[in-house]
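Trainee: I have a structure here, written as structure tokens, and I will follow up with some questions on it.
There are 2 protein chains.
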Amino acid sequence: MKTETITAAWRGHPDCRTCGVRHLALFSDLNESDFRTFHLPIEDLAFPKGASLFSQGEPGRAVFTVRAGVVKMVHQRADGAQRIVRLHRTGAAVGLEATLGASYQHDAVALQPVLACKIPVETLNRLAMETPRLHRQLMRQWHETVIQADAWLTALAVGTARQRVAQLFLYLLDTAPGPVCHFFRRDEVAAILGITTETASRTVAELKREDVIFHVSARWFRCDRDRLQKIVEN
Amino acid sequence: MKTETITAAWRGHPDCRTCGVRHLALFSDLNESDFRTFHLPIEDLAFPKGASLFSQGEPGRAVFTVRAGVVKMVHQRADGAQRIVRLHRTGAAVGLEATLGASYQHDAVALQPVLACKIPVETLNRLAMETPRLHRQLMRQWHETVIQADAWLTALAVGTARQRVAQLFLYLLDTAPGPVCHFFRRDEVAAILGITTETASRTVAELKREDVIFHVSARWFRCDRDRLQKIVEN
DNA sequence: CGTGTACTTGAATTACATCAAATGATGTGG
DNA sequence: CCACATCATTTGATGTAATTCAAGTACACG
């Protein structure tokens, strides 16, 4: 039994000014003079699949900006069960509670290889003192988080297992360029939708048999959006 | 058939400096000089039970601070069904998305008679330009909202109907001083827990028969915390 | 090429939804 | 203040969907 912790690779200190996803992220509104004010260490990190950015209960010392990949936010329950409460994708800020001096509320785990910038709270708070432009972006990220939380509840936590699975596919397709999307392990599907692994498996298998989804490769499916839409509509 | 809209009573322009719940609310960190900068209209309003502070989709022009009572946030689904996604109590800020120029994401409805201050976004944004102290409180409110959203999902959207109802009682007892708490209409219980009205009714009736809860008066119950706790633990 | 993990499937059981109807509260106008 | 209307709650009977327990199969990875 190997309980080796998966670690992130350090990729240096990034130049935020030339960041490809800056327009999506926390620093999008900052200008030249804003950037000159911080030489505090921002780290560019690469997390392999399964690595954790931080863990539930840990004191929050940094906010992470996702530059590539998907991060799942996992809530650990007292009884050992776990529920995935959100996904954060490119441009999202993860661990915002750190700016308020709070502990992290969830485990943040890389679902795919993730590139993320780690911004210490001191950097963020100092910067926030000096520029209101950052505040607006922070609020925008909070807003995004709330919208996601609500969508999760209203779209993925109601209806039959079949409808929920269809909704999950549509949710994932939403940010995909084509009809192909990454999908989850069946136990992750269960943790997202609040159903059992068996029901998740049965439902996905059923959709495969009906040719609503097509298994392209490990964890990737090509999907029929229209038919998925019809399923969620009952 | 009367479709008369329930309206709020206007109670004047409040003096925030002497507000009884200021320590809980958005303006808790503001000082004398901050207060001098705004003479913009903040309204003190009284909403009767069932009145709506704002509606889903409406352009967000104000943030509301709840000074008394409880506000339910209702998500209207395309199929006409509705789901209660959050409750906001004394000290909470409702409609924060307005500060970002967004439309309201839910209906905000007074569950009990509600006292609330209506703060126009212009006031808030102007004030936010001038004082970073307000920012911290705005972020705190966002954080609260996210914590609630997550709690709703992890506590109230999993398990059997019996467990969910028990969790709902515990959730309501959490902010109650004694063992007595306000409870919901059965159709509201259904909208919160994602079950049917009949199942909600059956479950509540069952708990009454088992003396876990005791019907004190219309919509108020005395509860046995320990036994509720045992129910959620299975 | 084997081994463990992920996925699938089956059968029995339970929980919930659904349809339908009766009873209990609450409030309003005569 | 009563009678009636309306809303809220409870309960029953029945069907369906999901869980549970238990095997089995496919698949990726070293």
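As given, the protein sequences belong to chains G and E, one line each in that order.
If you read the first sequence in numbering that gives the first Met the number 0, its first letter stands for residue 0, the second for the next number, and so on.
If you read the second sequence in numbering that gives the first Met the number 0, its first letter stands for residue 0, the second for the next number, and so on.
Cβ atoms here follow ideal geometry from the backbone N, Cα and C, with glycine treated the same way.
Owing to the predicted nature of the structure, the values given are computational and were not obtained by experimental measurement.
#1: Strictly below 9 Å CB to CB, what residues from chain E border G/Gly79?
#2: Could you check where the beta strand (DSSP E) with E/Val145 kicks off and where it finishes?
#3: In chain order, what residues of the same chain have a beta carbon less than 6 Å from the beta carbon of G/Ala91, not counting five sequence neighbours either side?
#4: In terms of alpha-carbon separation, which member of G/Ala175, G/Ala189 and G/Arg185 lies closest to G/Thr89?
#5: For E/Val157, which residues in chain G fall below 9 Å Cβ to Cβ?
#6: At a CB distance below 9 Å, what residues from the region 23-49 of chain G approach chain E? Give them in sequence order.
#7: Which of helix, strand or coil does DSSP assign to G/Thr2?
#8: Look at the alpha carbon of E/Ala189 and the alpha carbon of E/Ala199, and state the distance between them as a whole number of angstroms.
#9: Verify whether the separation of the beta carbon atoms of G/Gln55 and G/Gln104 is less than 8 Å.
#10: Roughly how many whole angstroms lie between the Cα atoms of E/Ala67 and E/Pro47?
#11: Apart from the five residues just before and just after G/Arg163, which ones in its own chain have a Cβ nearer than 6 Å to its Cβ?
#12: Using DSSP's beta-bridge definition, name the partner residues of G/Asp78.
#13: Measure the Cβ-Cβ separation of G/Ala80 and G/Ala50 and say whether it is below 8 Å.
#14: For a contact meaning CB atoms closer than 8 Å, what does G/Asp139 contact in chain E?
#15: May I ask you to report which of helix, strand or coil DSSP gives E/Phe53?
#16: Compare the C-beta of G/Thr2 against all C-beta atoms of chain E and say whether one is closer than 8 Å.
#17: For G/Gly19, which residues from the same chain have a beta carbon less than 8 Å from its beta carbon, with the 5 sequence-adjacent residues on both sides left out?
#18: Return the bridge partner residues of E/Cys116 from the DSSP annotation.
#19: Please decide whether G/Val93 counts as near chain E, where near means a Cβ-Cβ distance under 8 Å.
#20: Between the Cα of E/Arg185 and those of E/Ile83, E/Leu114, E/Val120 and E/Gly94, spot the shortest distance and give me the residue it belongs to.
#21: How long is the line joining the alpha carbons of G/Asp225 and G/Leu152, rounded to whole angstroms?
#22: Can you list the residues of chain E that G/Ala115 reaches, using a CB-CB cut of under 9 Å?
#23: Buried or exposed: which applies to G/Val69, given that a residue is buried once 16 or more other Cβ atoms fall within 10 Å of its Cβ?
#24: Check whether the region 130-146 of chain E and the region 132-150 of chain G touch, using three or more Cβ-Cβ pairs below 8 Å as the test.
#25: Express the C-alpha separation of G/Trp9 and G/Ala109 in angstroms, rounding to a whole number.
#26: Can you tell me where the beta strand (DSSP E) holding G/Phe168 begins and where it ends?
#27: So, helix, strand or coil for G/Ile83, using DSSP?
Mentor: Inspection of the coordinates gives the following:
#1: The count along the first sequence starts at 1 and reaches residue 79 of chain G at position 80. Close partners of G/Gly79 in chain E (Cβ separation under 9 Å) are lacking, with about 12 Å as the shortest Cβ gap.
#2: In the second sequence, residue 145 of chain E corresponds to position 146, counting from 1. Premise fails: E/Val145 lies in the alpha helix (DSSP H), Pro131 to Leu155, not in any beta strand (DSSP E).
#3: Here residue 91 of chain G refers to the residue found at position 92 when the first sequence is read from its first residue. Cβ within range, chain order: Val65.
#4: Working through the first sequence from its first residue, we reach residue 89 of chain G at position 90. The shortest CA-to-CA distance from G/Thr89 to any of G/Ala175, G/Ala189 and G/Arg185 is the one to G/Ala175.
#5: Here residue 157 of chain E refers to the residue found at position 158 of the second sequence. Those within 9 Å of E/Val157 in chain G are Arg76, Ala80, Arg82, Ala156 and Gly193.
#6: From the region 23-49 of chain G, no residue has a Cβ closer than 9 Å to chain E.
#7: Here residue 2 of chain G corresponds to residue number 3 of the first sequence, with the count starting at 1. At G/Thr2 the pLDDT is 42, less than 50, meaning the model places this residue with poor confidence; the figure from the coordinates comes in the next sentence. Collapsing the DSSP output to three states places G/Thr2 in coil.
#8: Here residue 189 of chain E refers to the residue found at position 190 when the second sequence is read from its first residue. Here residue 199 of chain E refers to the residue found at position 200 when the second sequence is read from its first residue. Near 6 Å, if we compare the C-alpha coordinates of E/Ala199 and E/Ala189.
#9: As a first step, residue 55 of chain G is located in the first sequence; it is residue number 56 there, counting from the start. As a first step, residue 104 of chain G is located in the first sequence; it is residue number 105 there, counting from the start. A contact, by the Cβ cut-off of 8 Å.
#10: Counting from one through the second sequence, the residue named residue 67 of chain E turns up at place 68. Counting from one through the second sequence, the residue named residue 47 of chain E turns up at place 48. In a straight line, the C-alpha of E/Ala67 is about 12 Å away from that of E/Pro47.
#11: Numbered from 1 along the first sequence, position 164 holds the residue referred to as residue 163 of chain G. Result list for G/Arg163: Leu155 and Leu192, in chain order.
#12: Within the first sequence, residue 78 of chain G is the residue found at index 79, counting from 1. In DSSP, G/Asp78 forms no bridge with anything.
#13: Position 81 of the first sequence, counted from the start, is the residue given in the question as residue 80 of chain G. Position 51 of the first sequence, counted from the start, is the residue given in the question as residue 50 of chain G. Taking the C-beta atoms as reference points, G/Ala50 is found no nearer than 8 Å to G/Ala80.
#14: Here residue 139 of chain G refers to the residue found at position 140 when the first sequence is read from its first residue. The sequence as given places Arg at residue 139 of chain G; Asp does not occur at that position. By Cβ distance, chain E contributes Leu99.
#15: Taking the first residue of the second sequence as position 1, residue 53 of chain E is located at position 54. DSSP places E/Phe53 in strand when its eight states are reduced to three.
#16: Counting from 1 along the first sequence, the entry for residue 2 of chain G is found at position 3. For G/Thr2, the pLDDT reaches just 42, beneath the cut-off of 50, and the residue's location in the model is therefore unreliable, leaving the point undetermined.
#17: Locating residue 19 of chain G in the first sequence gives position 20, where the first residue counts as 1. Non-local C-beta neighbours of G/Gly19 in its own chain, meaning closer than 8 Å and more than five positions away in sequence, comprise Arg66, ordered along the chain.
#18: Here residue 116 of chain E corresponds to residue number 117 of the second sequence, with the count starting at 1. The partner list for E/Cys116 (beta bridge, DSSP) reads E/Asp43 and E/Thr64.
#19: Locating residue 93 of chain G in the first sequence gives position 94, counting from the first residue. Using a Cβ-Cβ cut-off of 8 Å, G/Val93 does not count as an interface residue toward chain E, since no Cβ of chain E sits closer than that to its own.
#20: For the purposes of this step, residue 185 of chain E is identified with residue 186 of the second sequence, where counting begins at 1. Ranking E/Ile83, E/Leu114, E/Val120 and E/Gly94 by Cα distance to E/Arg185 puts E/Ile83 first.
#21: Here residue 225 of chain G refers to the residue found at position 226 of the first sequence. Here residue 152 of chain G refers to the residue found at position 153 of the first sequence. G/Leu152 has its alpha-carbon roughly 22 Å from the corresponding atom of G/Asp225.
#22: Stepping through the first sequence from its first residue, residue 115 of chain G is reached at position 116. The contacting residues do not exist; G/Ala115 stays about 20 Å from chain E at best.
#23: Numbered from its first residue, the first sequence carries residue 69 of chain G at position 70. With 16 or more neighbouring CB atoms inside 10 Å of its own CB, G/Val69 falls in the buried class.
#24: Taking a cut-off of 8 Å for Cβ pairs, the region 130-146 of chain E and the region 132-150 of chain G touch, as three or more such pairs fall below it.
#25: Here residue 109 of chain G is taken as the residue at index 110 of the first sequence, counted from 1. Here residue 9 of chain G is taken as the residue at index 10 of the first sequence, counted from 1. Each residue's alpha carbon lies about 15 Å from the other.
#26: The count along the first sequence starts at 1 and reaches residue 168 of chain G at position 169. For G/Phe168, no beta strand (DSSP E) encloses it; the enclosing alpha helix (DSSP H) starts and ends at Ala160 to Asp173.
#27: Here residue 83 of chain G is taken as the residue at index 84 of the first sequence, counted from 1. Strand at G/Ile83.
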